[in-house]
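So the sequence lines, in the order shown, correspond to chains R and L.
So the first sequence is numbered by numbering that gives the first Met the number 0: it starts at 0 and just counts up by one.
So the second sequence is numbered by numbering that gives the first Met the number 0: it starts at 0 and just counts up by one.
Data block below; observations after.
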Amino acid sequence: MVRAGFALMLVAVCVSGGMLIAAGFVLSGSDLSWLAVFVGQAGSPNPRLLDKLRLVPTLIVVTGVQLLLLGGAGLLFPCCRSVALADRVPRLASLQFGVWLLLGGWIAIAVLSLDYGAISLVNRSKQSQSLSAAELIAADFGDDYRVVRAVRETTPESAAILIKTERPLQFLLNYELYPRKFYFYPERHLPISSIPEAWMDRRRIGWTLEISDAGPLHFKLAPRKASF
Amino acid sequence: MRVLLALALIQALGYLTLRTLAGERFPLRSTESWGLSFGAGSGILSLGLFYLAYWGVPLTPTNILILAAILLGGLVVLWIVLAHRTHRPQTSNSDPSHTVETLPLGHPLSAWEWTSLAVVGLCIVIVFVDALSQPLLAFDARAIWAFKAKVLYFEQGIYNEAFLDAERLHAKTRYPQLIPLAETFIASVSGDFHERALKLLFPCFYVSLILLVGSELRRAFDRRNALLSTSLFASLPVFTIYANGGAASGHADLPLAFYTAALAAYLFRWLQKGSSGNLRLALLFASLTAFTKTEGLALVFVVFLATALAAWLLHGRPVRSLWPLPATALGGLICLAPWFLYQARLPIVDENFVRLLTPENLVGGLNRLPFIVKSLGKEFFLKPHLWSFLGISAAVLLVRSPKDAIRSRFSVFLWICLLYVAVLCAIFMVIPWKLEELFPVALTRLVMPVAPLLFLWICFELGNSRLLAGCVNASAHNYPKGAVNSGGANALKH
Chain R
0 MVRAGFALML VAVCVSGGML IAAGFVLSGS DLSWLAVFVG QAGSPNPRLL
50 DKLRLVPTLI VVTGVQLLLL GGAGLLFPCC RSVALADRVP RLASLQFGVW
100 LLLGGWIAIA VLSLDYGAIS LVNRSKQSQS LSAAELIAAD FGDDYRVVRA
150 VRETTPESAA ILIKTERPLQ FLLNYELYPR KFYFYPERHL PISSIPEAWM
200 DRRRIGWTLE ISDAGPLHFK LAPRKASF
Chain L
0 MRVLLALALI QALGYLTLRT LAGERFPLRS TESWGLSFGA GSGILSLGLF
50 YLAYWGVPLT PTNILILAAI LLGGLVVLWI VLAHRTHRPQ TSNSDPSHTV
100 ETLPLGHPLS AWEWTSLAVV GLCIVIVFVD ALSQPLLAFD ARAIWAFKAK
150 VLYFEQGIYN EAFLDAERLH AKTRYPQLIP LAETFIASVS GDFHERALKL
200 LFPCFYVSLI LLVGSELRRA FDRRNALLST SLFASLPVFT IYANGGAASG
250 HADLPLAFYT AALAAYLFRW LQKGSSGNLR LALLFASLTA FTKTEGLALV
300 FVVFLATALA AWLLHGRPVR SLWPLPATAL GGLICLAPWF LYQARLPIVD
350 ENFVRLLTPE NLVGGLNRLP FIVKSLGKEF FLKPHLWSFL GISAAVLLVR
400 SPKDAIRSRF SVFLWICLLY VAVLCAIFMV IPWKLEELFP VALTRLVMPV
450 APLLFLWICF ELGNSRLLAG CVNASAHNYP KGAVNSGGAN ALKH
């Protein structure tokens, strides 16, 4: 009876593995944006999340192969030890069985997360094999990198720049373009033309950078006639 | 090579600090020492650098190396002196932890144990490779922490415009500086501001956290179950693959989780066994928790409050006997007095939680509560790709026997989690931001600091509940058995 239970478990593992491999192949190439609702932080797809979701079919296939290997390894397990192992499985509907189920869930997630981590690293190393750190940063900025390039190529490192935008991008620029100094006027909604010259002179502001607050990225980098 | 030297210096300094603080009569286990050393070393060095900067000494590489050398030398001398004064031939065997430590050394590892160790190793490899494979990319890692580190490294101090001018762009000016100063230390010793070198800091914290959790579990479980549980903890996706706050991301949430776990663990040990060594270490970790992130201060308050409540309600200790707790908390905060004085001078550009937390604001924010609770529920129960079954396991244990869960001697870990979530809820009710925009990017990271404690509670309770009879040896080892599930009346007496 116990041997039959153990054999049944192995069959279930192998069948699950086969089904996962089949599912992985079926899903490969198909649109997986619907998964974003479940796994995305915002519940909606974005380009980075979609990049990650593209790895899901590979993840499913790899996990399926692992299950098949596990099933195969089970067949090689010594009979007496398999009986001892199967004997320790608690009976269905007991509290202990619930704990075993939870433990099984933990292990499944652990395997999936390790697989995903490894697949993601391999995929990333393939994509960014020939890219330098600067190129990786540029790729991470995406379209926003236009601003970084413009400021870097136009202004000296000692520049003091007045920045006007609500985009969080301003803080990344602040880091990336250091030691350039970025200032903002306390009344953020005020147009640059209305900001008092004396305030700008006091901070030796030589450049102004205005970036659209929302929607497509528009920016205007202009030198300021300094009177300090 | 110089990066490795920086990391080795941190580890050595942490090790000596722990040994000195713990004292010879309170020996630490080896995994515990290894686990705690890196975090303690990072914290001590950051505090030291901050004191230097506070007193106007420029943070030049030479000054930083001199500070490290003085700290190392001083700690070695102090350790030798203390060891000499407190040496007793029989004390080395007086602590049961020693016997538990040496017991399994002669036993070969079983297949389960090898598998668990392999999983932990694989997680660590993945996190290190992930960290080294690309420069700092996460928003907070660059815009908040590394920006501060850049300013500290290149301007060699804290009294500069980047910190003090309210109109200079600076994200979260008032955030504590443990992580930026640790990054500055690595950059100074390695000779340049290399992002990849700085990123090594965070996987090292991850390894420390795993060792800390493993060492705590080892006190309650046999070797096999401790290793299995540790591997499950290490493989939590929120640490290994989460790009917006995981161990390879460069965020400060994992270091905060480490310090909080260390603080709670030592206070828990103090509850169980007493010993001033535990309180000295708790004092250190209270300081470092508050110096890591803004939430750290709230966590320190919550951890001490939960411990005091547990001592009073579960262990039946008279309130008067609890004076070491506020004294320890106060001592930890006094160590940070220069930071608080300096922080008061920094401009308030972002949110000021303390001012916002008024009864009127809380009442006004009550309408947000359903959304907050729903989001927290979703976070813990519907995101297995981040938290695995952490939330579900905790809920199952709680629902199975709420009374026992609340009253067990391990419940202090659960109380800390619940109190911290309550504090978070209060803050979410009063902050002026749109929660719909905040939660997707911040909620996971905000609850991360208590994840190790929730995990420990689940493991201890499972071991305690005998649900894994024949599998978990909860009665074993260092946490003395007694009145585990029977509430305060039968609780441990000291």
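Note that the Cβ used here is the ideal one computed from N, Cα and C, for glycine as well.
Give the DSSP-derived three-state secondary structure of L:Leu135 in the structure shown. coil
Compare the C-alpha of L:His314 against each of L:Arg28, L:Gln271 and L:Leu77 and name the closest. L:Gln271
Which same chain residues, not among the five before or five after L:Thr98, have their C-beta less than 6 Å away from its C-beta? Caution is warranted here: a pLDDT of 39 is assigned to L:Thr98, below 50, making its placement in the model unreliable, and the coordinate value is therefore given only provisionally. Cβ neighbours of L:Thr98 beyond the five flanking positions: none.
CB contact flag (L:Met428, L:Gly364, <7 Å): yes
Minimum Cβ-Cβ distance from L:Pro346 to chain R less than 7 Å: no
Using a Cβ cut-off of 7 Å (strictly closer), state whether R:Thr108 contacts chain L. Looking at the sequence itself, residue 108 of chain R is Ile, so the reference to Thr does not match. Interface residue, yes.
CA-to-CA distance, R:Tyr184 to R:Ile160, given in whole angstroms: 11 Å
Using the C-alpha atoms, what's the distance from R:Arg90 back to L:Gly244? 40 Å
Quick one, are the C-beta atoms of L:Leu255 and L:Tyr265 less than 7 Å apart? no
Of all the CB atoms in chain C, is at least one closer than 7 Å to the CB of R:Leu54? No chain C is part of this structure, whose protein chains are labelled R and L.
Is the separation between the beta-carbon of L:Leu282 and that of L:Gly331 shorter than 7 Å? yes
Quick one: what does DSSP say R:Phe218 is sitting in, helix, strand or coil? strand
Who are R:Phe181's beta bridge partners in DSSP? R:Ile160
According to DSSP, is L:Glu182 part of a helix, a strand, or is it coil? helix
Whole runs of the alpha helix (DSSP H) within the stretch 33-70 of chain R, excluding any shorter than 4 residues: 35-38 and 46-52
Using a beta-carbon distance below 7 Å, is L:Pro451 in contact with chain R? no
Give me the Cβ distance between L:Leu211 and L:Ala261, rounded to the nearest whole Å; I'm assuming they're in contact under 8 Å. 6 Å
Enclosing alpha helix (DSSP H) for L:Leu304 [first to last residue]: Thr293 to Leu308
Name the chain L residues that come within less than 8 Å of R:Leu231, Cβ to Cβ? Look at the range of chain R in this structure, 0 to 227, and you will see that residue 231 of chain R is not part of it.
Using the three-state DSSP reduction, which class does L:Arg354 fall into: helix, strand or coil? helix
Does any CB atom of chain R fall closer than 7 Å to the CB of L:Val128? yes
Under 9 Å Cβ-Cβ, which residues of chain R neighbour L:Cys122? Ala109, Ser112, Leu113 and Gly116
How far does the alpha helix (DSSP H) with L:Leu283 in it reach, from first residue to last? Ser275 to Ala289
Please go through the same chain and pick out, in chain order, the residues whose beta-carbon is closer than 7 Å to the beta-carbon of L:Ile178, but skip the five residues on each side of it. Trp144, Ala251, Pro254 and Thr291
Listed in chain order, which residues of the stretch 364-388 of chain L have Cβ atoms closer than 7 Å to some Cβ of chain R? Pro383, His384, Ser387 and Phe388
With a threshold of 7 Å between beta-carbons, can L:Ile240 be considered close to chain R, or not? yes
Determine the burial state of L:Arg319: buried for a count of at least 16 other Cβ atoms within 10 Å of its Cβ, exposed for fewer. exposed
Comparing alpha-carbon positions, which option in R:Ala197, R:Asp212 and R:Ala158 lies nearest R:Pro167? R:Asp212
Run the CB neighbour count on L:Leu227, radius 10 Å, all protein chains shown included, and call it buried at 16 or more, exposed below. buried
Establish whether the CB of L:Leu231 and some CB of chain R are separated by less than 7 Å. yes
Straight-line CA distance for L:His193 to L:Ala242? 20 Å
With a CB to CB cut of under 8 Å and the five nearest residues on each side skipped, what residues in its chain are close to R:Leu34? Leu52 and Val55
Using a Cβ-Cβ cut-off of 7 Å (strictly less than) and excluding sequence neighbours within five positions of L:Ser189, which residues of its own chain qualify? Arg1, Val2, Ala5 and Ala196
Mind checking who R:Ile210 pairs with in its DSSP beta bridge? R:Phe218
Name the chain L residues that come within less than 7 Å of R:Gly104, Cβ to Cβ? Phe388
Short of 7 Å in beta carbon distance, which residues of its chain neighbour R:Tyr177, apart from the five on each side in sequence? Order them along the chain. none
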